[in-house]
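Since the structure comes first, as structure tokens, the remarks are kept for the end.
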Amino acid sequence: MECMWCQDINAYNDQNIVYWELPDGTRSIEILNTPCVICKNCGMEYQEESIINEIEDQLVLINTNQIENSISFEELMAIQRLLKKNYFR
Numbered sequence: 814m815e816c817m818w819c820q821d822i823n824a825y826n827d828q829n830i831v832y833w834e835l836p837d838g839t840r841s842i843e844i845l846n847t848p849c850v851i852c853k854n855c856g857m858e859y860q861e862e863s864i865i866n867e868i869e870d871q872l873v874l875i876n877t878n879q880i881e882n883s884i885s886f887e888e889l890m891a892i893q894r895l896l897k898k899n900y901f902r
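Numbering (the numbering used here), first residue to last: 814 to 902.
Right under this line is the structure:
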């Protein structure tokens, strides 16, 4: 896999912890085991755009009051949506 920052071809998929502000701005949450790309060459750990969009869409489409301060990526994505999709995207 190629790093989008330094173009090194030895980047790889892994998981990390991210912190995300809820869409209403009331608080942020910790999301564990979030898919990421890690590059040992430049030291970057980042989420690909598709993962960012998945998280942001899910947070818009669920009742965020039911989320604790820390949740795994898998648990977050499993929460039932109030709407089928994000119609604003």
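Every residue, glycine too, gets a C-beta built ideally from N, C-alpha and C.
At least three beta-carbon pairs within less than 8 Å, the region 846-864 to the region 872-881: no
Simplified DSSP assignment, three categories, for L889: For this step, residue 889 is matched to residue 76 along the sequence shown. Here L889 sits in helix by DSSP.
Reduced DSSP category for T877 - H, G, I as helix; E, B as strand; rest coil: As a first step, residue 877 is located in the sequence shown; it is residue number 64 there, counting from the start. Three-state result, T877: helix.
Beta-carbon spacing of L872, L895 below 8 Å: If you number the sequence shown from 1, residue 872 lands on position 59. If you number the sequence shown from 1, residue 895 lands on position 82. Not in contact: L872 and L895 (Cβ atoms no closer than 8 Å).
Three-state secondary structure assigned by DSSP to Q871: On the sequence shown, residue 871 is found 58 positions in, with the first residue counted as 1. Looking at Q871 - three-state DSSP - the assignment turns out to be helix.
Simplified DSSP state of N826, which is helix, strand or coil: Residue numbering aside, residue 826 sits at position 13 when the sequence shown is read from its first letter. Strand, per DSSP.
With 16 other Cβ atoms within 10 Å as the buried cut-off, status of I844: On the sequence shown, position 31 is the one that residue 844 refers to. Classification for I844: buried.
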